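Chemist: For the sequence shown, position 340 matches number 372 in this note's numbering, and the numbering has no gaps at all. Every residue gets a Cβ at the ideal spot worked out from N, C-alpha and C, and that includes glycine. What you are looking at is a predicted structure, and each value in this text was computed from that prediction instead of being measured. Attaching a single structure in structure tokens format; questions to follow.
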Amino acid sequence: MKWNSIKFMSTALILSLGMVVILAFGHTSFNNTKSNFKQSYFKESQLKLEQAQLQFENLIRGANQFLAQFSQTDDAMNAATVTDPSRLKFLLQTVQQTILNSSSVKLGLANGTLYSGPSAAMPASYDPREQMWYVLGDRSVTKPIWTEPYLDYLNQKIIITASRTIWSHSGEPIGVLAVDFDLSSISGYIGGSKIGTQGFVMLLSPSGTILADTDNFAIGEKPFGDRFAAIATNAQVKPIAYSFKGKPYYIKLNLVRENGMAVVTGVSMKEIDEHVWAVLFPVFLTGFICLALFGLVTYYFVLKGIAPLQRLVSLMKSVEHGDYSVHATIQTYEEIRSLSQSFNLMTEGLSKRDEELSASNEKIYRLAYFDSLTGLLNRRHLLETTTDALSGNPELGIAVIYVDLDNFKFINDTLGHSAGDQVLVEVASRLEAIAYSDKYASRIGGDEFIVVLHNVENRGVVEEALQQLILSLELPIYHQKQICNVSASLGVSFYPEHGATMEELLQKADMAMYQSKAKGKNQYCVFDKSIQLQITEKAYIERSIKEALRNHQFELYYQPIYDCAEGCITSVETLLRCNSPALLGIPTQTIIETAEQTGLIIPLDKWVLEEACRFAGKLNAGRSRSIRVTVNVSANDIAQQGFVQQVEDALSRNQLNPDWLGLELTETVLINSFEGSRSKLEALKEIGVRIYLDDFGTGYSSLNYLKLLPIDYVKIDKSFVISMLQSDRDGLFMKTLVELTHTIDLKVVAEGVETAEQERMLLHYQCDMLQGYHIGRPRNEENMLRDLYPELEVESLQNL
């Protein structure tokens, strides 16, 4: 019988349920039976405990009463001056016989004399004053004191003694009266007292030493050690579990009220469990026998019930091997009949599904290996096909052409995605129409295509194909009577010259394509080592920038800006300098452009902003006239979601007046995202930061944008300053530019002022501010402070 068959699972399930019921019943029965036995033993324990306590209390009370009464007699109080010792000895012997279980009665005097009953021959060295019972009794004032068990060396028995002080009629202590008890005789009280067959009853001293026990074997031991006090506290409330001589017991304890001794009973846990199992074993055995018989009956009926299912399984195996013509005709049970009908419907459905699956395989294949929009090979299919061709014929000449459409995003944004899709389909058609027989065309994503030319004999053939591509893509594409003008930038790599794998060839062609875009688009570029060197150089600069940021190798210089109306320097522009040996000789503009392309401009500009704010605080500390520090902002900065908050945080950290900070942005930065840039600049201007439009005249140069943007200053590019002295027309243009800017309430800053003649002309044109080498060269922080505050000492400058 297989373990995963219905026969096995059904039988196992029923047997498991039966087993669970028996176990649940057994668990409940065991717990209830054990609880009943425990309660029975606890009741017996409590009864024996109370009986033993009563007996011991009577014995102890009798001894205490004797000591109290006899100590008040004249014979005892005059013992120190007695003239006839025989009377006192006789009296003690007589009294001893009346005290239950006592072994002797002794009277020791302060002068060392000892009287006892019965009489005992004491060695000459025996001094009662040195004995433990005398020392303890001598300390008693109002009640007897009981000793711990000790060995009576006269009769070699373990005894305990109750003793108390004897006082004379004048109130002077004259000796100690004591009663000895043989512990073996005390144990007789509980000699037959056991709880069950394995339990015990004990009498313990106040310190936990056994004085009497059931078997008289453990006298003198301390079963609870140092924990007796804590155990005694808990065991008086309810039975507690405790291991004695390696066996577990339930301990119950009562204190003897007369002298603090304790009566302890122990119920054996093992005995309780043995009784429980003795009672329940026949019950469990009967249950398991019944379960086995029930399992056999169940198995028989399961076999009979699943026979039709086995026949149906045989039919299913035929279907598994592809035979859909089988038909189930089983009519035994209602459920099996329904299952047979479902089986027949399933075989019909599978047959129909095979037909549909066969028809859709081609569609799945095309989805996996072809672009769904253009029908060209997708990237995966292109790589597999070309890799197979390279491995089959390593001498094969191959050209990989990377095609990237120029301004395709503009078509999507202006005419919609349906127009963009139509353009992509038409471009794909034109790529396939190139007059080159052995080729593959592929769309690898977005507006990027790959054309692979096989069996290339020379580059002239490839150049002809490239010219065809450029001319073909220049032809207009029509969408709903609208013309879509497209062009493409192409990059080319050759096998095996530029790579041994298709991935390498695609990478090199991609590099060449970006080079053609940089040259002006709508042209092609063949990969060469110079392109690789440019990429490598860019990567080197990127790594060096990261290292310079980590090692604090950037420094800020400041170039003064002269206010024509104030007649002094009122602001400085922040300029970046790099002290990294790795970037030595690389122009700062190249470093900045690489940082913008790689995203490193964000952490770099954040550092610049923080340093500039720190310097602005130092520059204006305690000064009556403020000097503004301006910082250049890139497109990456203004595009950040939290740029405004970043500026506010920098101002807050440096406790800076917002008017001491200016932000310079170029026209291109603002126009790329006009609405987003304007909202952020309005927020910055609202808090008091001044906004400068940098390099005006080199970008869009729209006066309408000047009117709409929230700017305060326009910085005219130095090219206009240089040319204004070259002709009257250029001078008039410069004058008009200044006047128009003033008409919209903006101030003008002229950049690149390098001669006195330029300064004179700009003052004549009423230009507001001047900046350039004629005004002042860029200086580091210390020198700029020295230039601005020449009256201060060097130490004062450093402390600013």
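Taking 6 Å as the limit between beta carbons, can you name the residues of its chain near N444, skipping five residues before and five after?
Modeler: Residue 444 sits at position 412 when you count from the first residue of the sequence shown. Once the five neighbours on either side are set aside, the close Cβ partners of N444 are G452.
Chemist: In the structure shown, what three-state DSSP assignment does G257 receive?
Modeler: One-based indexing of the sequence shown puts residue 257 at position 225. Reduced to three states, the DSSP call for G257 is helix.
Chemist: Thinking C-alpha only, which one of R685, S525 and A532 is nearest K540?
Modeler: Numbered from its first residue, the sequence shown carries residue 540 at position 508. Checked all of R685, S525 and A532; the closest Cα to K540 is S525.
Chemist: Could you say which of W639, K302 and I670 lies nearest to Q585 if we only look at CA atoms?
Modeler: One-based indexing of the sequence shown puts residue 585 at position 553. Closest by alpha carbon: W639.
Chemist: Compare the Cα-Cα distances from Q512 to each of L498, L503, I46 and L447 and report the closest residue.
Modeler: Position 480 of the sequence shown, counting from 1, holds the residue named residue 512. When each option's Cα is compared against that of Q512, the closest is L447.
Chemist: Does W165 pass the burial test, meaning 16 or more other C-beta atoms within 10 Å, or should it be called exposed?
Modeler: The count along the sequence shown starts at 1 and reaches residue 165 at position 133. The residue is buried, with at least 16 neighbouring Cβ atoms inside 10 Å.
Chemist: Candidates E180, I807, D749 and G763: which alpha carbon is nearest V780's?
Modeler: In the sequence shown, residue 780 corresponds to position 748, counting from 1. The shortest C-alpha separation from V780 is found at D749.
Chemist: In terms of residue numbering, what span does the alpha helix (DSSP H) encompassing G763 cover?
Modeler: On the sequence shown, position 731 is the one that residue 763 refers to. Looking at the DSSP string, the run of the alpha helix (DSSP H) that includes G763 is D760 to T775.
Chemist: Does the region 230-239 come close enough to the region 69-89 that 3 or more CB-CB pairs lie under 8 Å?
Modeler: Look at the beta carbons and you see the region 69-89 touching the region 230-239: at least three pairs across the two are nearer than 8 Å.
Chemist: Can you give me the C-alpha to C-alpha distance between I776 and K767, rounded to a whole angstrom?
Modeler: Position 744 of the sequence shown, counted from the start, is the residue given in the question as residue 776. Position 735 of the sequence shown, counted from the start, is the residue given in the question as residue 767. Roughly 15 Å separates the two Cα atoms.
Chemist: Run through DSSP, which three-state label would R582 get?
Modeler: The residue given as residue 582 occupies position 550 in the sequence shown. Note: R582 maps to helix in three-state DSSP.
Chemist: Restricting to Cα atoms, I'd like to know which of M301, F313, Y468 and I92 is closest to K175.
Modeler: By 1-based counting over the sequence shown, the position of residue 175 is 143. Taking only the C-alpha atoms, the option nearest K175 is I92.
Chemist: Going by C-alpha to C-alpha distance, which of I743, I754, S357 and L405 sits closest to T773?
Modeler: Along the sequence shown, read from residue 1 onward, the residue named residue 773 stands at position 741. Looking at the Cα atoms, I743 is the closest of the given residues.
Chemist: Run through the DSSP bridge pairs and tell me what C600 is partnered with.
Modeler: For the purposes of this step, residue 600 is identified with residue 568 of the sequence shown, where counting begins at 1. Looking at the DSSP assignment, C600 forms a beta bridge with D595.
Chemist: Do the region 88-107 and the region 127-137 touch if we need at least three Cβ pairs shorter than 8 Å?
Modeler: yes
Chemist: Leaving aside the five residues before and after V432 along the sequence, list all residues of the same chain whose C-beta is less than 6 Å from its C-beta, in chain order.
Modeler: Here residue 432 is taken as the residue at index 400 of the sequence shown, counted from 1. Around V432: V484, S525, L537 and A541.
Chemist: Would you mind reading off the limits of the beta strand (DSSP E) that contains G477?
Modeler: Translated into positions along the sequence shown, residue 477 becomes position 445. It spans K471 to G477 - the beta strand (DSSP E) in which G477 sits, taken as one unbroken run.
Chemist: Assess contact between the region 136-148 and the region 194-208, defined as three or more Cβ pairs (one per stretch) separated by less than 8 Å. Is contact present?
Modeler: yes
Chemist: Go ahead and pull the three-state DSSP assignment for P528.
Modeler: Taking the first residue of the sequence shown as 1, we reach residue 528 at position 496. It is coil, neither helix nor strand.
Chemist: Hey, how far is the Cα of L389 from the Cα of Q454?
Modeler: Here the question's residue 389 lines up with position 357 in the sequence shown. Here the question's residue 454 lines up with position 422 in the sequence shown. Those two C-alpha atoms are separated by around 31 Å.
Chemist: Checking 8 Å against the spacing of the C-beta atoms, do D438 and S504 come in under that value?
Modeler: Within the sequence shown, residue 438 is the residue found at index 406, counting from 1. Within the sequence shown, residue 504 is the residue found at index 472, counting from 1. Cβ distance not < 8 Å, so D438 and S504 don't count as in contact.
Chemist: Under a Cβ-count criterion, where at least 16 other Cβ atoms within 10 Å of its own Cβ denotes burial, should Y805 be classed as buried or exposed?
Modeler: Here residue 805 is taken as the residue at index 773 of the sequence shown, counted from 1. Label assigned to Y805: exposed.
Chemist: Mind checking who P205 pairs with in its DSSP beta bridge?
Modeler: Residue mapping note: residue 205 aligns to position 173 of the sequence shown, counting from 1. Paired residue(s): W199.
Chemist: Which parts of the region 145-201 are runs of the beta strand (DSSP E), unbroken and 3 residues or longer, counting only runs that do not cross its ends?
Modeler: DSSP runs (the beta strand (DSSP E)) wholly in the region 145-201: 146-149, 182-184 and 189-199.
Chemist: Would you call the CB atoms of A460 and R475 closer than 8 Å?
Modeler: Along the sequence shown, one-based indexing puts residue 460 at 428. Along the sequence shown, one-based indexing puts residue 475 at 443. Contact: yes.
Chemist: Would you kindly work out how many angstroms separate the C-alpha atoms of K551 and S521, rounded to a whole number?
Modeler: Residue 551 sits at position 519 when you count from the first residue of the sequence shown. Residue 521 sits at position 489 when you count from the first residue of the sequence shown. Going from the Cα of K551 to the Cα of S521 covers about 10 Å.
Chemist: Determine the DSSP secondary structure at N439, reduced to helix, strand or coil.
Modeler: In the sequence shown, residue 439 corresponds to position 407, counting from 1. The answer is coil: DSSP assigns N439 none of H, G, I, E or B.
Chemist: Verify whether the separation of the beta carbon atoms of Y724 and G694 is less than 8 Å.
Modeler: Looking up residue 724 in the sequence shown gives position 692. Looking up residue 694 in the sequence shown gives position 662. Inclusion of Y724 and G694 in the CB contact set at 8 Å is warranted, their separation being smaller than that value.
Chemist: Taking just the CA atoms, how far does R809 sit from L853?
Modeler: The structure shown does not extend to residue 853, since the chain is modelled only from 33 through 832, so no value can be given for it.
Chemist: Can you give me the start and stop residues for the alpha helix (DSSP H) that I624 sits inside?
Modeler: The count along the sequence shown starts at 1 and reaches residue 624 at position 592. It spans T620 to T630 - the alpha helix (DSSP H) in which I624 sits, taken as one unbroken run.
Chemist: Between the region 611-626 and the region 548-564, do three or more beta carbon pairs fall short of 8 Å?
Modeler: Because the criterion of three Cβ pairs below 8 Å is not met, the region 611-626 and the region 548-564 do not touch.
Chemist: DSSP puts A667 in a beta bridge; with which residues?
Modeler: Taking the sequence shown and counting its residues from 1, one reaches residue 667 at position 635. DSSP output for A667 lists no bridge partner at all.
Chemist: Got a sec? Which residues, its chain only, sit under 7 Å from G599 by beta carbon, not counting five neighbours each side?
Modeler: For the purposes of this step, residue 599 is taken as the residue at position 567 of the sequence shown. Spatial neighbours of G599 in its own chain (CB-CB distance under 7 Å, excluding positions within 5 residues in sequence) are not present.
Chemist: V494: buried (16+ other C-beta within 10 angstroms of its C-beta) or exposed?
Modeler: The residue given as residue 494 occupies position 462 in the sequence shown. By the 10 Å Cβ count, V494 comes out buried.
Chemist: What residue ranges within the region 81-137 form continuous alpha helix (DSSP H) runs of no fewer than 4 residues, ordered along the chain?
Modeler: 106-109 and 117-130
Chemist: If you reduce the DSSP assignment to three classes, tell me which class Q373 lands in.
Modeler: Residue mapping note: residue 373 aligns to position 341 of the sequence shown, counting from 1. It is helical.
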